[in-house]
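Heads up, the thing below is written out as structure tokens.
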Amino acid sequence: MNLPNKLTLFRVLLIPILVIVMMMDVPGKFLTACIIFIVASITDFLDGKIARKYNLVTDFGKFMDPLADKLLVISTLICMIENDLASGWMVIIIVSRELAVSILRAIAAADGTVIAAGKSGKWKTATQMISIVLLLFGRHLGNLTVLKVGNALLIISVLLTLYSGWEYLYGNRHVFMNSK
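Just so we're on the same page, my numbering is the position in the sequence shown counted from 1, plus 33.
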């Protein structure tokens, strides 16, 4: 197993630890969760960069990397609902888009078509991750300004989620029209 795949698996292993921390009622849980989330997010950046730079792209990585990303963000956002850091309707929109795009990609892959990530999807992911970090860190600090900025970014990420979801689905509607 190569280094990028090990980093992806490490990210997956961090998810249950992050969830456990977020569900505990202990001092410092938001800072700890924030640190775990940052470390997991860094592995997301590194695994792809290393895989492309050293030609270590594998089928396992192509499958597990995006799955690990979705599991990390969705798990964290659901825990944030439980901790009054995110609204359920926002998380429903984000999860719905992720499912719709994943299904679209699976249908396309069955016909031998690869649907690459677009810029709007990358912006969506970046704003989601930054908003999560700000909301966790802001709660740790008890800083209302940081929480407001984090919440504003989460709203922006929801708007980007809607736009990128529309972009993927509309731009690739032929996949649904041509599927058997």
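A virtual CB, placed ideally from N, CA and C, is assigned to each residue, including glycine.
Start and end of the alpha helix (DSSP H) containing D98? Your numbering for residue 98 matches position 65 in the sequence shown. Here the alpha helix (DSSP H) through D98 covers 92-115.
Contact defined as beta carbons within less than 8 Å: I believe I163 pairs with E131. What is the distance between those atoms, to the nearest angstrom? As a first step, residue 163 is located in the sequence shown; it is residue number 130 there, counting from the start. As a first step, residue 131 is located in the sequence shown; it is residue number 98 there, counting from the start. With a Cβ gap of about 18 Å, I163 and E131 do not count as contacting.
Cβ neighbours of A119 in the same chain (closer than 8 Å, five flanking residues each side left out): Start at 1 with the first residue of the sequence shown, and residue 119 comes out as number 86. Counting only Cβ-Cβ distances below 8 Å, and skipping sequence neighbours, we find L110, M113, L168, L187.
Distance, Cα to Cα, G145 vs T65? Position 112 of the sequence shown, counting from 1, holds the residue named residue 145. Position 32 of the sequence shown, counting from 1, holds the residue named residue 65. Roughly 42 Å between the two C-alpha positions.
How long is the line joining the alpha carbons of F96 and D58, rounded to whole angstroms? Indexing the sequence shown from 1 puts residue 96 at position 63. Indexing the sequence shown from 1 puts residue 58 at position 25. Those two C-alpha atoms are separated by around 35 Å.
Shortest alpha-carbon distance to H173 belongs to which of N116, L104, T76, N38? Residue 173 sits at position 140 when you count from the first residue of the sequence shown. H173 has its Cα closest to that of N116, out of N116, L104, T76, N38.
For I127, the first and last residue of its enclosing alpha helix (DSSP H): Within the sequence shown, numbered from 1, the residue matching residue 127 stands at position 94. Segment 121-143, the alpha helix (DSSP H) holding I127.
Is it true that the CB of N205 sits closer than 7 Å to the CB of L137? The residue given as residue 137 occupies position 104 in the sequence shown. The residue given as residue 205 occupies position 172 in the sequence shown. Yes, the Cβ-Cβ distance between L137 and N205 is below 7 Å.
Is P60 helix, strand or coil by DSSP? Within the sequence shown, numbered from 1, the residue matching residue 60 stands at position 27. Reduced to three states, the DSSP call for P60 is coil.
Out of V90, L40, V191, which has the shortest C-alpha to C-alpha gap to I75? As a working mapping, residue 75 is identified with position 42 in the sequence shown. It is L40.
Between which two residues does the alpha helix (DSSP H) carrying V147 extend? Locating residue 147 in the sequence shown gives position 114, counting from the first residue. It is not in any alpha helix (DSSP H) - V147 carries neither H nor E in the DSSP assignment.
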